[in-house]
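Visitor: One structure, pasted below without further comment.
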């Protein structure tokens with residue numbers, strides 16, 4: 605089991621703030637990368653409908669954004685945020701920013717697309733251009749009728765640079781949106797993290813599968829995660845798609861977070877075993893919407 | 605049968621210029637819309653390999669451009685040009701230009717994408733921005749290692765406006781690339797068409813399926829086209845994709861040129877019947893590369 609972010613605050617108090625008993629085990633099961641591909645959209649939508657996930661977030665610059673934005677607009681009952689995106693990591697399936705490339709030259713590579721890696725983003729990014737671009741992504745989602753419940757960040761460049769982190773938190777506050785803050789990255793900043801991100805932030809325990817394994821061991825991994833969920837607020841980040849021609853081509857050469865990986869994630873979450881494990885371990889599925897209502901009661 | 609463009613010059617002389625007998629029936633079988641989708645790329649590549657098409661062209665602004673550009677770069681033996689693109693016609697699968705939107709505002713709609721229809725393009729387009737954008741599409745293809753053999757135009761806005769037509773022809777000459785000129789549009793300009801497009805242009809007889817029908821009548825349509833191919837240069841424009849989840853989602857609500865339509869086109873072209881019909885009617889498959897070599901002998 606890999607812990608993605610560790611505890612950054614008293615977890616039990618968060619459960620109480622959200623209206624649950626102090627020792628409640630709350631789990632946001634979160635589908636990343638919605639909008640990436642039609643395959644990812646269909647799998648995420650089916651997982652929402654089957655209660656395999658309780659939340660998810662959309663990559664606004666990706667080719668299949670209009671499809672998932674239309675779903676989000678027409679299904680406000682599902683808890684959907686924005687997966688702010690500054691990278692395009694696949695070899696032959698690319699995107700650039702929402703803003704014209706000429707307005708964000710520091711984010712665009714020699715081929716006219718976003719950089720592939722977090723390292724390249726950190727090497728080149730002008731923070732002012734990052735701020736403009738993430739605002740533009742939120743504005744485009746709003747213009748398409750999406751009512752996001754939270755923000756997070758694809759591949760994490762906003763988590764690992766102090767200046768970018770401040771921008772991310774500031775923009776979240778301005779839009780009345782809670783932001784995901786993974787505590788393992790926060791550790792880079794030491795005990796004075798609150799100085800950087802300000803007050804009134806939530807640091808859930810986080811879990812994300814980072815190691816590939818045979819499909820028949822997939823259930824064991826997630827069962828172990830669920831056995832170890834602690835009281836307070838937790839988030840399990842998953843990556844969903846159907847293992848079909850489209851997703852296989854996107855992820856060609858990348859078994860990690862690849863096409864079969866995403867099908868395996870989907871299969872587990874819609875299984876009876878997942879539901880039984882939630883029940884057995886007294887885990888309640890939670891949404892970012894609930895956190896938004898507590899953090900921004902004037903703008904639910 | 606629908607004739608897409610009619611004869612604009614003495615066809616037999618073209619066959620001779622290309623080194624064939626004067627009465628040779630030459631047919632370019634041309635896959636439009638490469639780069640549109642992974643499904644379209646895979647079907648087009650398979651059709652090339654099975655000699656179901658002899659030529660095709662790439663939509664540079666589309667999400668799956670890098671995949672097909674990589675194929676074209678590594679397979680110079682296939683005859684591949686550029687399908688200059690100024691429209692994004694599907695409901696929930698969109699793209700914008702190669703240039704930053706701020707440099708081509710007259711081509712971009714309120715959602716930040718290309719307009720859906722030719723009518724909207726003609727209503728809004730600034731010709732100077734059209735010229736910049738089509739040059740940028742060619743330059744991006746060249747930068748990706750594609751060596752295009754010709755230019756044509758997705759949905760045809762460059763064919764129906766005199767100023768845009770002149771730009772298209774001018775840019776083709778500057779890049780030493782023959783351009784597709786469909787004579788039925790050329791008819792708008794009357795007998796003085798040469799004044800607009802200049803000398804040394806090719807006007808093939810053209811055929812394109814424009815009417816949907818049950819799959820079992822698909823072969824009859826194309827067989828009839830092939831029975832009626834005339835001596836000289838002809839082009840049959842086809843639209844290839846596999847009828848799968850990706851293509852069905854792209855074309856949702858659009859049976860014309862939709863997912864099944866493209867599968868039907870593919871099925872016919874890789875069939876034994878197509879090969880037999882070519883043989884029976886003494887039709888030779890031709891390439892734009894041959895035209896390029898005649899028109900631009902210094903820059904083959």
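Chains as they are written, first to last, in my numbering: chain Z, 605 to 904; chain V, 605 to 904.
Ideal Cβ placement from N, Cα and C applies to all residues, glycine included.
(1) If you measure beta-carbon to beta-carbon, which residues of the stretch 628 to 645 of chain V are closer than 9 Å to chain Z?
(2) Roughly how many angstroms separate the alpha carbons of residue 668 of chain Z and residue 697 of chain V, rounded to a whole number?
(3) Taking the alpha carbon of residue 724 of chain Z as the point to measure from, which residue in Z:752, Z:747, Z:759 has its own alpha carbon closest?
(4) Which same chain residues end up closer than 8 Å to residue 859 of chain V when comparing Cβ atoms and leaving out the 5 residues on each side of it in sequence?
(5) For the alpha helix (DSSP H) that residue 654 of chain Z lies in, which residues bound it at each end?
(6) Does the distance from the C-beta atom of residue 776 of chain Z to that of residue 809 of chain Z stay below 8 Å?
(7) Helix, strand or coil: how does DSSP classify residue 742 of chain V here?
(8) Excluding five sequence neighbours on each side, which residues of the same chain lie with their C-beta closer than 7 Å to the C-beta of residue 769 of chain Z?
(9) Span of the beta strand (DSSP E) holding residue 754 of chain Z?
(10) How close, in whole Å, do the beta carbons of residue 781 of chain Z and residue 741 of chain Z come, if the pair is a contact with beta carbons under 8 Å?
(11) Evaluate residue 850 of chain V with the Cβ neighbour count: other Cβ atoms within 10 Å of its Cβ, from every protein chain shown; 16 or more gives buried, anything less gives exposed.
(12) Does residue 696 of chain Z get closer than 8 Å to chain V when you measure Cβ to Cβ?
(13) Report the residue from V:829, V:848, V:748, V:846 whose alpha carbon sits nearest the alpha carbon of residue 839 of chain V.
(14) Could you say which of V:731, V:778, V:765 lies nearest to residue 743 of chain V if we only look at CA atoms?
(15) Based on the DSSP secondary-structure assignment, which residues constitute the bridge partners of residue 635 of chain Z?
(16) Mind listing the chain Z neighbours of residue 668 of chain V? Cutoff is C-beta to C-beta under 9 Å, in chain order.
(17) Taking the beta strand (DSSP E) that residue 812 of chain V belongs to, which residues open and close that run?
(18) For residue 677 of chain V, I'd like the list of residues in its chain whose CB is within less than 7 Å of its CB, leaving aside the five on either flank, ordered along the chain.
(19) Chain V partners of residue 674 of chain Z, CB-CB under 8 Å?
(20) Looking at the unbroken beta strand (DSSP E) that takes in residue 687 of chain Z, where does it start and where does it end?
(21) Measuring only between beta-carbons, confirm whether residue 749 of chain Z sits less than 8 Å from chain V.
(22) Comparing alpha-carbon positions, which option in Z:855, Z:756, Z:886 lies nearest residue 833 of chain Z?
(23) Rounded to whole angstroms, what's the CA-CA distance from residue 660 of chain V to residue 756 of chain Z? Just pull it up for me.
(24) For residue 843 of chain Z, which option in Z:619, Z:627, Z:643, Z:622 has the closest C-alpha, if you only look at C-alpha atoms?
(25) Bridge partners of residue 629 of chain Z, per DSSP?
(26) Mind reading off the beta-carbon distance from residue 878 of chain Z to residue 656 of chain Z? Whole number of angstroms is fine, and I expect it under 8 Å.
(27) Should the stretch 697 to 709 of chain Z be called in touch with the stretch 728 to 736 of chain Z, which here means at least 3 C-beta pairs below 8 Å?
(28) Could you tell me the distance, in whole angstroms, from the CA atom of residue 874 of chain V to the CA atom of residue 847 of chain V?
(29) What's the call for residue 821 of chain Z, buried or exposed, on a 16-neighbour Cβ count within 10 Å?
(30) In angstroms with no decimal places, state the Cα-to-Cα distance between residue 626 of chain V and residue 638 of chain V.
(31) When the Cα of residue 720 of chain V is compared with those of V:891, V:690, V:684, which residue comes out closest?
(32) Once DSSP output is grouped into helix, strand and coil, what is the label at residue 748 of chain V?
(33) In or out: residue 746 of chain V buried (at least 16 other Cβ within 10 Å) or exposed?
(34) Starting from the Cα of residue 632 of chain V, find the closest Cα among V:899, V:888, V:902 and give me that residue.
(35) Could you give the distance in angstroms between the alpha-carbon of residue 679 of chain Z and the alpha-carbon of residue 884 of chain Z?
(36) Would you mind sorting residue 730 of chain Z into buried or exposed? The rule is 16 or more other CB atoms within 10 Å of its CB.
Guide: On the basis of the coordinates in this document:
(1) Residues 641, 642, 643, 645.
(2) Residue mapping note: residue 668 of chain Z aligns to position 64 of the first chain, counting from 1. Residue mapping note: residue 697 of chain V aligns to position 93 of the second chain, counting from 1. Rounded to whole angstroms, residue 668 of chain Z to residue 697 of chain V spans 6 Å at the Cα level.
(3) Residue 724 of chain Z sits at position 120 when you count from the first residue of the first chain. Of the listed residues, the one whose Cα sits closest to residue 724 of chain Z is Z:759.
(4) Position 255 of the second chain, counting from 1, holds the residue named residue 859 of chain V. These residues qualify, in order along the chain: 816, 865.
(5) The residue labelled residue 654 of chain Z in the question sits at position 50 within the first chain. Residue 654 of chain Z -> no alpha helix (DSSP H), and no H or E assigned at all.
(6) Sequence index remark: in the first chain, residue 776 of chain Z carries index 172 (1-based). Sequence index remark: in the first chain, residue 809 of chain Z carries index 205 (1-based). No, the pair does not count as a contact, with Cβ atoms beyond the cut-off.
(7) Within the second chain, residue 742 of chain V is the residue found at index 138, counting from 1. Helix, per DSSP.
(8) Position 165 of the first chain, counted from the start, is the residue given in the question as residue 769 of chain Z. Closer than 7 Å at Cβ, skipping near neighbours: 762, 763, 800, 801.
(9) Indexing the first chain from 1 puts residue 754 of chain Z at position 150. Counting along the chain, residue 754 of chain Z falls outside any beta strand (DSSP E), and DSSP gives it neither H nor E.
(10) Start at 1 with the first residue of the first chain, and residue 781 of chain Z comes out as number 177. Start at 1 with the first residue of the first chain, and residue 741 of chain Z comes out as number 137. Incorrect: roughly 12 Å between the Cβ atoms, too far for contact.
(11) Residue 850 of chain V sits at position 246 when you count from the first residue of the second chain. Sixteen is the threshold: when 16 or more other Cβ atoms of the shown chains lie within 10 Å of the Cβ of residue 850 of chain V, as they do, the residue is buried.
(12) The residue given as residue 696 of chain Z occupies position 92 in the first chain. Yes - at least one Cβ of chain V is within 8 Å of the one on residue 696 of chain Z.
(13) Residue 839 of chain V sits at position 235 when you count from the first residue of the second chain. Nearest C-alpha to residue 839 of chain V: V:829.
(14) In the second chain, counting from the first residue as 1, residue 743 of chain V sits at position 139. Here the closest residue by C-alpha is V:778.
(15) Here residue 635 of chain Z is taken as the residue at index 31 of the first chain, counted from 1. DSSP, once it has assigned bridges, lists Z:660, Z:842 as partnering residue 635 of chain Z.
(16) In the second chain, residue 668 of chain V corresponds to position 64, counting from 1. Here the neighbours are 667, 696, 697, 853.
(17) By 1-based counting over the second chain, the position of residue 812 of chain V is 208. For residue 812 of chain V, the uninterrupted beta strand (DSSP E) run begins and ends at 809 to 812, by DSSP.
(18) Taking the second chain and counting its residues from 1, the one referred to as residue 677 of chain V is at position 73. Residues of the same chain with a CB within less than 7 Å of the CB of residue 677 of chain V, apart from the 5 flanking positions on each side, are 748, 749, 750 in chain order.
(19) The residue given as residue 674 of chain Z occupies position 70 in the first chain. Listed by position along chain V, the residues whose Cβ is nearer than 8 Å to that of residue 674 of chain Z are 696.
(20) Stepping through the first chain from its first residue, residue 687 of chain Z is reached at position 83. Unbroken beta strand (DSSP E) run through residue 687 of chain Z: 684 to 688.
(21) As a first step, residue 749 of chain Z must be located in the first chain, where it is residue number 145. At a cut-off of 8 Å between beta carbons, residue 749 of chain Z makes no contact with chain V.
(22) For the purposes of this step, residue 833 of chain Z is identified with residue 229 of the first chain, where counting begins at 1. If we check each option's Cα against that of residue 833 of chain Z, Z:886 comes out closest.
(23) Mapped onto the second chain, residue 660 of chain V falls at position 56. Mapped onto the first chain, residue 756 of chain Z falls at position 152. Linking residue 660 of chain V to residue 756 of chain Z through their CA atoms gives a straight-line distance of about 41 Å.
(24) Along the first chain, read from residue 1 onward, the residue named residue 843 of chain Z stands at position 239. Minimum Cα distance to residue 843 of chain Z is reached at Z:643.
(25) Reading the first chain from its first residue, position 25 is the one you call residue 629 of chain Z. Looking at the DSSP assignment, residue 629 of chain Z forms a beta bridge with Z:836, Z:887.
(26) As a position in the first chain, residue 878 of chain Z is number 274, starting the count at 1. As a position in the first chain, residue 656 of chain Z is number 52, starting the count at 1. Contact flag correct, Cβ pair sits at about 7 Å.
(27) By the criterion of at least three beta-carbon pairs nearer than 8 Å, the stretch 697 to 709 of chain Z is in contact with the stretch 728 to 736 of chain Z.
(28) Numbered from its first residue, the second chain carries residue 874 of chain V at position 270. Numbered from its first residue, the second chain carries residue 847 of chain V at position 243. If you take the alpha carbons of residue 874 of chain V and residue 847 of chain V, they lie about 15 Å apart.
(29) Indexing the first chain from 1 puts residue 821 of chain Z at position 217. With a 10 Å radius around the Cβ and a threshold of 16 neighbouring Cβ atoms, residue 821 of chain Z comes out exposed.
(30) By 1-based counting over the second chain, the position of residue 626 of chain V is 22. By 1-based counting over the second chain, the position of residue 638 of chain V is 34. When rounded, the distance between both Cα atoms is 32 Å.
(31) Walking along the second chain from the start, residue 720 of chain V turns up at place 116. Of the listed residues, the one whose Cα sits closest to residue 720 of chain V is V:690.
(32) Mapped onto the second chain, residue 748 of chain V falls at position 144. It is coil, neither helix nor strand.
(33) Translated into the one-based positions of the second chain, residue 746 of chain V becomes position 142. Result: exposed.
(34) Taking the second chain and counting its residues from 1, one reaches residue 632 of chain V at position 28. Nearest C-alpha to residue 632 of chain V: V:888.
(35) One-based indexing of the first chain puts residue 679 of chain Z at position 75. One-based indexing of the first chain puts residue 884 of chain Z at position 280. Roughly 30 Å between the two C-alpha positions.
(36) For the purposes of this step, residue 730 of chain Z is identified with residue 126 of the first chain, where counting begins at 1. By the neighbour-count rule (16 or more Cβ atoms within 10 Å), residue 730 of chain Z is not buried but exposed.
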